[in-house]
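Trainee: Using the numbering used here, read the sequence shown as starting at 2 and increasing by one per residue.
I have a structure here, written as structure tokens, and I will follow up with some questions on it.
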Amino acid sequence: MTLVQAHTRQAREQRPGGELIAIGTDRWRVVEGDGHIRGLVERVQTPTGDRFRALRFHPPSRSFRAIGEFWRINEASDTLRLSR
């Protein structure tokens with residue numbers, strides 16, 4: 002079983018420093034241990050394989066902005082947790 006399959010089967014996954022909460026088949030909310038939402042990760046299918054896009058909410062524009070695309074879901078969620 003791949004990591005992506007595990008995430009789609011489980012609605013929540015605890016990780017050090019927080020958790021990923023599935024909010025769709027290809028989208029997860031990144032939540033810190035204190036309940037603060039850091040952003041979203043969405044799976045994007047490309048010809049070379051699945052990529053994971055880290056998204057952060059931008060209040061002035063009331064939209065999400067991509068801050069990077071990664072080969073692994075953990076890299077995308079860690080980027081949201083570690084960047085401010």
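Cβ coordinates follow ideal geometry from the N, Cα and C atoms, glycine included.
Since the model is a prediction, treat every value here as computed from it, not as a measurement.
1) Where does the unbroken beta strand (DSSP E) through D79 begin, and where does it stop?
2) Please return the same chain residues whose Cβ sits closer than 6 angstroms to the Cβ of D51, not counting the five positions on each side in sequence.
3) Look at the alpha carbon of L83 and the alpha carbon of W29, and state the distance between them as a whole number of angstroms.
4) What runs of the beta strand (DSSP E), each 3 residues or longer, lie entirely inside the segment 28 to 69?
5) Just the Cα atoms here: how many angstroms apart are E20 and V32?
Mentor: Answer, in terms of the structure:
1) Note, D79: premise wrong, no beta strand (DSSP E); alpha helix (DSSP H) at I74 to L83.
2) R44
3) 17 angstroms
4) 28 to 33, 38 to 47 and 50 to 59
5) 5 angstroms
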